[in-house]
Each structure stands twice: as C-alpha cells, then as structure tokens.
Amino acid sequence: MPVFDAFFRLHSLTPSRLVCSSHDLVYYRSVPKSLQGPSLPSFLCVVLCLTSCAWGGDAPTLNGYRPQWWKEAVVYQIYPRSFKDSNGDGIGDLKGISSKLDYLKDLGVDVIWLSPHFDSPNADNGYDIRDYRKVMAEFGTMADFDEMLKGIKQRHMKLLLDLVVNHTSDEHAWFVESRKAKDNPYRDYYIWRAGRDGNPPNNWSSFFSGSAWKQDPATGEYYLHLFAEKQPDLNWDNPKVRNEVYDLMKFWLDKGVDGFRMDVIPFISKDPALPDYPKEYEGRVQYFYAAGPKVHDYIREMNREVLSQYDVMTVGEAFGVSLEQTPLLVDERRNELNMIFNFDAIRLGRQSWRLNPWTLPELKAVYTKLDQKLDAHNWGTVFLSNHDNPRVVSRFGDDSPQYRVASAKALATMLLTLKGTPFIYQGDELAMTNYPFTKIEDFNDIEVKNAWKAEVLTHQVTAEDYIASLRKTSRDNSRTPMQWDDSANGGFTTAPKAWLAVNPNSNEINAKQAVADPDSVYHYFQKLIALRKKTPALVYGDYKDLDPQHPSVFAYTRTLGALRYLVVLNLSSQAVTYLVPAGQKVGSVILSNRPGKESATSVLRLRPWDARIYRF
Ligand code: TEU
Ligand code: CA
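Using this note's numbering, the letters of the sequence shown correspond one by one to residues 9 to 624.
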C-alpha cells in the first residue's frame, strides 16, 4: 500500500528526512535543509508526497504504524540530584545539566526525561512536591530552568518533565490546609477517612512499609499515602484537583516542554468505598491499586483538556498494569497516553527487595508477549534501568572487570534494537555499576530505611541478608553521582562530599575516559543510536524471537520489507556455539561489540557477551 510519510513527517516537524514506502520497498531521501522545519507550507508537503508516491487515500503509515517523533526518539533520563553539581554544594543542579548538554547531544539522544526538579522537602528526592510551579532551591532558579530548556532546544533536543500527581508533599499548601479541619475548603483535595475500631480504615499497605494510612492529630482522621507518610495521595474524584493538575501541566507546556513521564499514573483513581484488598494481592498490591474504577476516564479527560492541545510525548509509569491491560492506556484510538513503562522485564525475579533467580527465556517471553499485545495502534517502551532500579550492567550483565564493557554493550544492543522507544538511564552509557554498600548508613533511600525499621529492627530478617540483597536491588545503586572524570568524587562536585557517596570505581569508570576511548561503551552507544536513526526497520520493523527457549542467546529479527536485520546476543559469561535456526539467513555484520571478522555462516561462535547486528 503506498504511503505518505513525507506529508506526515513534515507536519510533525521533527524528522529531517523524507520517507516513502511502497510494497516491500523503503527508502530514505534527504530533504533539502530549506524545506525542513516549521516553515514548510502544507501544500509543499503534499506536492513532495505526490512526487514521491502515488496517492492511495489512506493515512500515512510505515509498516502499519503512524510515524511519530516520539516513536523514533531515544530518551535519556536525568536524575538531577546526581547528574552534575555546578556550585560545589554536593548536589546536582540545573546549571550542572546545562553544562553537559553537549555531552548528551554528542551521544545522540533526542529527548531528556528529567526526574522531578520541583520545590520539595525531599522525603523521596523530589517525588514529594511542595510547589509544582517552583524549582527546587537546591537545583537552582526558574531562570536556570529556562536557560537549560533553551540549551536543550538550541541543540534540537526535547524535554520531558516528571509529572508526580498521584500525591503531593505533606508540605504542599493544599495539604497544609486540608489537614487543618474537616470543613476546610481543601479537605477534599486528599483522601480522609475515619479509622476502623482504632485501626486504619482498611488493609492497604504503603510501598514504603507499613499501613498506607496515617492518623492526623488535628481531626483524628486518617489520610491515605500509598508511598511515604510525607506523600499524601490526592483525591482525583474531586474535579478541583483535576483542574489544578491540568493547569500546572499547561504552565510547563506553555514554557515549551515536550511532554511528561507520569509517575504511578494508574494509581490516581481509588474505589470510593476503599475496600480491603483481597488476599491474592498480598505482595503485589500494585495490581490492585492500578485497577481503580475511573483511571481511564481521568486520563482521557487529561488528554482532552491538555495533551491533545500540544505536540507532546507522554509515557506513563504503569507499575501494576499487566501486558494484557497495556492497550487500554496506549491504544491511539483511545486518546489516553502514547506509551507506558511495563515492569515485567525490569522486575523479573524481584520480590520486594529480594532478587530471586530468573532465566533468559522468561525475559525474552516478556518482549514477545508485549509485541503480541501491541498491534500497530499501540507503541511500547524498552528500558532496563531507571532511578528505582539497580545499574543495568550489574542487574542483567556481568560487572566483573573481565566482562563489564562487553556485557554493557550487549545490553545496549538489546535496548536499542528491540521494538519500542528506548530509555537510557544516566551513567549506563558509561557502564556504571552498582555500589558496594556494606551497612545501613550507606543508604539514603526512604524505602530502604523504612524497610530496615519494619523488617530488620523487628528481627524478621537479618541485617546481613537485607544488606546483601540491597547491594543487588537498592534504588541507591543508580542514584550515586555521575562519574565525569578521575578527580575526587568523580568530578561530580568540588565539595568534599557528595550528597550520596560516589562509587569508588570512578577512577577507572568515568565519562572522560569513555569519551577518549574509541572502544568505550559510550562510543558504542553513539554508534547504536546513529544506526537506529537511519534504520527504519529498527524502529517500525516487525519483531520475531527466533529461539525463545535458548538459555543464553537472544536472537531476533527486525524486518521492514526488504530491510532485514538479525540481532544475535550472547547474554552470558560463557562462550556459545550458536546454530542459527534452519531457514534463517545471516547476512553480513553491520555492527558488533567486539573487534574481529565473523564469517556469515549459520554456525556462530559467540564469545561471552558477544553482540552482533547482521543485515540479511
Ligand atoms: O515509583 C513507583 C513505584 O511504585 C516503584 O518503582 C517504587 O519506587 C519502588 O521501586 C517500589 O518498590 C515512582 C517513582 O519512580 C519513585 O522514585 C517514587 O519513589 C515513587 O513513584 C513515589 O513517587
Ligand atoms: Ca549544586
């Protein structure tokens, strides 16, 4: 079917190339510089389309997908507290980010997702917002924000903000009022209930240990907090709350930001009866919290009132949403969100703070299932790390000196060639590793501290067991400061001490080394990102897992008509002789993570963590 991507793309105003696909043929042509950008009149787009392809009357698609800038983007997450300190107070800040924009541009990423930068007392490092229209003083001023945004735009990158609206800080003006009296005009901004025979109103538990209810002395009633006590849940059933949220979203969108990552967005709707969660949700309450009755009504309303009026990218943090339910949030015909983060891959083997054994076939099955659930009206994400999870190389790779680089590159290959918009977490482009925590005092995270009190101090688990597990799973693993160079504190800060200790391996693992070394993980990311950008099959192409049961090799194809790619990853620290399944062509290597020529036969001798992309 002939398609008219040129029309579509030039309207969405971001891509710098013209695509026309017809039957099995896909080709790229350069659009002259003068024709790019917002000034291009629509009629010219039409003329360009008509000269490129024959009109078929259908909406422009590529392999059935509507091309969109956010489907083609590579996103990089910044955790501002840990990215770069500009003023020597030991805390990362916005000026620090501005000073590193060239580094990100050189890496090749298109979009920055900034973890919360709003005014906050930092009970949960900014995920507890006190004022949505103010910049956290430690991070700088609104002028610093505007300057940073300008720098991002000048480099043709985009900015996503973190929208945290399931809850606020208890120091937010709304909650300060709300807790004063039952008849306070802000009472209904939050969820208040009387206790049940001197106990909390129901059995709901907080993700940060204990009950999700806290009794407040002023009125004796309890308020709901699915996270910390200092993070009271907003009452989305109150239309005033929803309008406040829509207003603050517009405030930032009108400044020119390009969308939102939405924190625990499926939790916003609660059953007003607030029933106990059934026994079967024990240990997996997120699935209960994400199943509120009005979540889709509210997201659709948000889309109608705000999102539909801007050219934005939205990605919902959908903790508790199963793969089966994903289309309900992201099917484009439903007008809710563009994408969500599904947690099945990243939480594989996780049981609270413990990591149990998991297998590669289980991991591969997540991506196959995701692909089966998402048709061409849906779009997914790929991520293997973020600020709530350990370092990717320590979690899914091998962070020993022997295989750290190779395994980080193999995982990068997977991240950038699977189907869905890829998200890179800061420092993963350097293959930064988990931190060697030894004692509870090494941690900052409220989740860690609360569980210590609830489980270790009550003698349910031993300190050794807990700390050994946290070395593998703690959120603080990914929150240690970025390692910029081999100077003190990894060049993150000039202060004697950073807010959270820098990993002692910063002498060897740092950006200065990586940028100087052509074989570094950083430069490999650069090549992968560049390859993805010029290869529509890696974005819109079909995905097929060739060997779902193989215990250590992940082999899959990405195909778009005549453009066919085979990705082979040895995700283990053992060499493997891999026999490509009968009938599958191999072709020639276009990118690999190890030097050395490999002949294109169907018997592949894979060293530990070898990763290869073939064109066949
Ligand atoms: O996280 C939501 C979430 O439910 C989990 O990922 C959680 O942080 C934890 O790992 C459960 O064990 C989001 C944010 O990403 C996280 O940083 C915040 O702490 C949380 O919401 C509250 O805002
Ligand atoms: Ca600072």
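A virtual CB, placed ideally from N, CA and C, is assigned to each residue, including glycine.
No experiment lies behind these values; they were computed from the predicted model shown.
Query	Result
Whole-angstrom Cβ separation of Ser596 and Arg623, contact assumed at under 8 Å?	6 Å
Under a three-way DSSP split, which group does Thr446 fall into?	coil
Near Pro49, what residues of its chain come up, given a Cβ to Cβ distance below 8 Å and the 5 sequence neighbours on each side ignored?	Legend: pLDDT at Pro49 = 34, less than 50; position of this residue unreliable, value from coordinates given subsequently. So no residue of the chain qualifies.
Could you please give me the residues that DSSP links to Asn578 through a beta bridge?	Val561
At which residues does the beta strand (DSSP E) containing Thr322 begin and terminate?	321–325
If you measure between the beta carbons of Ala462 and Gly218, is that distance less than 8 Å?	yes
Within its chain, find whatever has a CB closer than 7 Å to the CB of Pro280; leave out the 5 residues flanking it on each side and keep chain order.	Asp245
Tell me which same chain residues have a C-beta within less than 6 Å of the C-beta of Arg269, skipping the five on either side of it?	Trp121, Leu168, Asp170, Val323
Any heavy atom of ligand 2 closer than 7 Å to the beta-carbon of Ser482?	no
Shortest alpha-carbon distance to Leu423 belongs to which of Pro365, Lys372, Lys263?	Lys372
Quick one: using the 10 Å Cβ neighbour count with 16 as the cut-off for buried, is Pro75 buried or exposed?	buried
Please list, in chain order, all residues of the same chain as Glu185 whose beta carbon is under 6 Å from its beta carbon, the five residues on each side excluded.	Asn192, Tyr194
Is any non-hydrogen atom of ligand 1 found closer than 7 Å to the C-beta of Tyr135, if you look at the structure I gave you?	yes
Tell me whether the beta-carbon of Ser177 lies closer than 8 Å to the beta-carbon of Arg138.	yes
If you drop the 5 nearest sequence neighbours on each side, which residues of the same chain put their C-beta closer than 7 Å to that of Lys222?	Tyr230, Tyr231, His233, Glu237
Who's in the neighbourhood of ligand 2, going by beta-carbon under 5 Å from any heavy atom, listed in chain order?	Asp93, Asn95, Asp97, Ile99, Asp101
Would the C-beta of Glu463 count as close to ligand 1, meaning under 7 Å from any of its heavy atoms?	no
Where do the N-terminal and C-terminal ends of the beta strand (DSSP E) with Ile432 fall, by residue?	429–433
Do Arg566 and Leu539 count as a contact pair if the criterion is CB distance below 8 Å?	no
May I have the straight-line CA-CA distance separating Leu368 from Lys480, to the nearest angstrom?	18 Å
May I ask you to check if the CB of Gln294 is nearer than 7 Å to at least one heavy atom of ligand 1?	yes
Going by the CB atoms, is the gap between Ala503 and Gly98 shorter than 8 Å?	yes
For Phe235, is the beta carbon positioned less than 7 Å from some heavy atom of ligand 1?	yes
In three-state terms, what does DSSP make of Leu58?	Residue placement at Leu58 is poorly supported in this model, since its pLDDT is 35, which falls under 50; the coordinates still yield a value, given next. DSSP places Leu58 in helix when its eight states are reduced to three.
Helix, strand or coil: how does DSSP classify Ser47 here?	For Ser47, the predicted model reports a pLDDT of 31, less than 50, meaning its position is unreliable; a value from the coordinates is still stated below. Three-state result, Ser47: coil.
Measure the alpha-carbon distance for Arg342 versus Asp305 and round it to whole angstroms.	10 Å
Count the other C-beta atoms from every protein chain shown that fall within 10 angstroms of the C-beta of His558, then say buried if there are 16 or more, exposed otherwise.	buried
Going by CA-CA distance only, name the one from Tyr375, Val400, Ala524, Glu290 that's closest to Leu331.	Tyr375
Might you give, ordered along the chain, the residues of its own chain that have their beta carbon closer than 6 Å to the beta carbon of Asp550, omitting 5 neighbours on each side?	Thr567
Kindly list the residues whose CB is nearer than 8 Å to the CB of Ser213, restricted to its own chain and excluding five residues on each side of it in sequence; keep chain order.	Ser219, Ala220, Val293
Given a threshold of 16 other Cβ atoms within 10 Å of its Cβ, counted over all protein chains shown, does Leu282 qualify as buried or as exposed?	exposed
Roughly how far, in whole angstroms, is the beta-carbon of Leu115 from the beta-carbon of Phe391, given that I think they are within contact range, below 8 Å?	Going by Cβ atoms, the distance from Leu115 to Phe391 rounds to 16 Å, so no, they are not a contact pair.
Beta-carbon separation of Ala619 and Leu577 under 8 Å?	yes
Check for me: the beta strand (DSSP E) holding Tyr551 runs from which residue to which?	550–553
Can you look up Val587 in the DSSP assignment and give me helix, strand or coil?	Note that residue 587 corresponds to Leu in the displayed sequence, not to Val. Leu587: strand per DSSP, three-state reduction.
Is any non-hydrogen atom of ligand 1 found closer than 7 Å to the C-beta of Asp271, if you look at the structure I gave you?	yes
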